[in-house]
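Down below is the structure, laid out as structure tokens.
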Amino acid sequence: MDLSLSPEQQEVRTLAREFAEREVKPRAEAIDHNSEFPRDLVDKAANLGLLGVLVPDAYGGAGLDHVSFAIFVEEVARFCASTAVILDVHNSVGTEPVVLFGSEEQKRRWLPDLAQGKTLAAFALTEPEAGSDAAHLKTTAILSDGGYLLNGTKIFITNAGEAGLYIVMASTRPGSGADGITAFLVGGDNPGLKVGPKFKKMGLNGSAIAEVYLDNCTVDEADRLGDEGQGFHIAMRALDSGRIGISAQAVGLAQGALDDAVAYARERKQFGKPIADLQTIQNKIADMAVKIRAARWMTWKAAALCDAGLPFTREASMAKLFATDAAM
């Protein structure tokens, strides 16, 4: 498989790198220390088309591929993982389900604003008792007066409180497991949707992650995404794409750490010479570089398989496992 970048992908890398170095790098430390949601950076990224990377140009997006998506997430993550995860979640699990499974009416309603950054997206699957066991959700969606009544709690939701659109997974047939899960498009201004306080975290401090409460949250039948019972399939496909983004984020984190390590090794002197001349230091840097290169290529391969319409679940999972381990 040819993993060299196309001219268009190289342009995306240049665009994202310049944005990250010019706008993100100077703000990264303050964003982390102050737990500051970087709304201004999100807006600037939107002006560059980076909030509609996977949205077709017919709906106002950039219409790019998943390799380009991975490239831009990596470049941003080199300097600020918080900003990267906001953009990653919005583009992948937040927006792509509408692209892939939305009706024409839903696409025209939501995608232009999502692509232009007027609306930020969130993905509400995880619950206090349903993380990895995503087939057994407690949140319910009961048919009521031409629509649905949603009740339940979601947890660890990225972009919570900032999003104008939540992709919510709920059970329309409680007790039926995966076959009973249905996806819904819930506006952030829905009076039945409330967001708890932002979690205090060990990292990603600039990202908004919180609980989401659905209390008699009424949605129209037209806000159902896909068919009843299709929600688990929609969620799994979204998570596959999300794994590409998380892998790219980890690669960017690792690359940023390597860049800093190399710069420090050249600057720091011991025994009359830079520590970069010491073989022990060289070995450590070489090991880092090898792991990063492997993680990047695994991420790009998963993205390329996705773009080719081929199965990529396994490759995306492998890339996420390897890349996140390399970043640590």
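The working numbering puts the sequence shown at residues 64 to 391. Glycine included, each C-beta is placed from N, C-alpha and C at the ideal position. None of these values were measured; they are calculated from a predicted model.
1. Name the two residues that bound the continuous alpha helix (DSSP H) containing T362.
2. Would you call the region 174-191 in contact with the region 136-144, where contact means no fewer than 3 C-beta pairs closer than 8 Å?
3. Between the C-alpha atoms of D197 and A326, what's the straight-line distance to the nearest angstrom?
4. Going along the chain, which residues of its own chain have a beta-carbon closer than 6 Å to the beta-carbon of E379, five neighbours each way excluded?
5. Using CA atoms only, rank isn't needed, just tell me which of W360, V87 and A109 is closest to E99.
6. Where do the N-terminal and C-terminal ends of the beta strand (DSSP E) with F186 fall, by residue?
7. What do you get for N268, buried or exposed, if any count of 16 or more other CB atoms within 10 angstroms of its CB means buried?
8. For A223, tell me which candidate among Q169, R171, G157 and L174 has the shortest Cα-Cα distance.
9. Since E168 is in the alpha helix (DSSP H), which residue starts that stretch and which ends it?
10. Which residues mark the beginning and the end of the beta strand (DSSP E) in which F247 is found?
11. What is the rounded straight-line gap between the Cα of L117 and the Cα of Q333?
12. So the beta strand (DSSP E) E274 belongs to, where does it begin and stop?
13. Beta carbon of T245, beta carbon of M232: below 9 Å?
14. Give the straight-line distance between the Cα atoms of F219 and H296, rounded to the nearest whole angstrom.
15. Could you tell me the distance, in whole angstroms, from the CA atom of V282 to the CA atom of Y122?
16. Roughly how many whole angstroms lie between the Cα atoms of L277 and Q312?
17. Is the region 160-167 close to the region 344-358, with three or more CB pairs under 8 Å?
18. Cα separation between S69 and A83?
19. In chain order, what are the residue ranges of uninterrupted alpha helix (DSSP H) at least 4 long that sit wholly in the region 292-323?
20. For F219, which three-state DSSP category applies?
21. Return the Cβ separation of T235 and G243 in integer angstroms, given the expectation that the two are a contact with Cβ distance under 8 Å.
22. Under the rule that 16 or more other beta-carbon atoms within 10 Å means buried, what is R356, buried or exposed?
23. Which word fits K383, buried or exposed, when buried means at least 16 other C-beta atoms lie within 10 angstroms of its C-beta?
24. Report the rounded CA-to-CA distance for V148 versus Q72, giving the unit in angstroms.
Taking the geometry as given:
1. Counting along the chain, the unbroken alpha helix (DSSP H) around T362 starts and ends at Q342 to D370.
2. Counting C-beta pairs with one atom in each stretch, the region 174-191 and the region 136-144 have fewer than three that are closer than 8 Å, which means they do not touch.
3. Per the sequence shown, the amino acid found at residue 197 is Ala instead of Asp. Roughly 43 Å between the two C-alpha positions.
4. First, the residue type needs correcting, since residue 379 is Ala and not Glu in the sequence shown. The beta carbon of A379 sits closer than 6 Å to the beta carbons of D303, R306, I307 and A365 from its chain, once the five residues preceding and following it are set aside; these are given in chain order.
5. Closest option to E99, judged by alpha-carbon separation, among W360, V87 and A109: V87.
6. For F186, the enclosing beta strand (DSSP E) covers residues A184 to A187.
7. Per the 10 Å Cβ criterion, buried.
8. Ranking Q169, R171, G157 and L174 by Cα distance to A223 puts G157 first.
9. Start and end: E167 to Q179.
10. Per DSSP, F247 belongs to the beta strand (DSSP E) from I244 to G250.
11. L117 and Q333: Cα-Cα distance of roughly 49 Å.
12. Where E274 is concerned, the enclosing beta strand (DSSP E) stretches over I272 to D283.
13. Contact flag set, yes.
14. So the two alpha carbons sit approximately 21 Å from each other.
15. Cα-Cα distance, rounded: 24 Å.
16. Using only the alpha carbons, I get a separation of about 30 Å.
17. The way I'd put it, the region 160-167 doesn't touch the region 344-358; fewer than three beta-carbon pairs between them come closer than 8 Å.
18. S69 and A83 have their C-alpha atoms some 21 Å from each other.
19. List check, alpha helix (DSSP H) in window: nothing returned.
20. In this structure, F219 counts as strand in the three-state DSSP scheme.
21. Your pair T235 and G243 checks out as a contact, with CB atoms roughly 6 Å apart and the cut at 8 Å.
22. So R356 counts as exposed.
23. Result: buried.
24. Distance between the alpha carbons of V148 and Q72 is about 20 Å.
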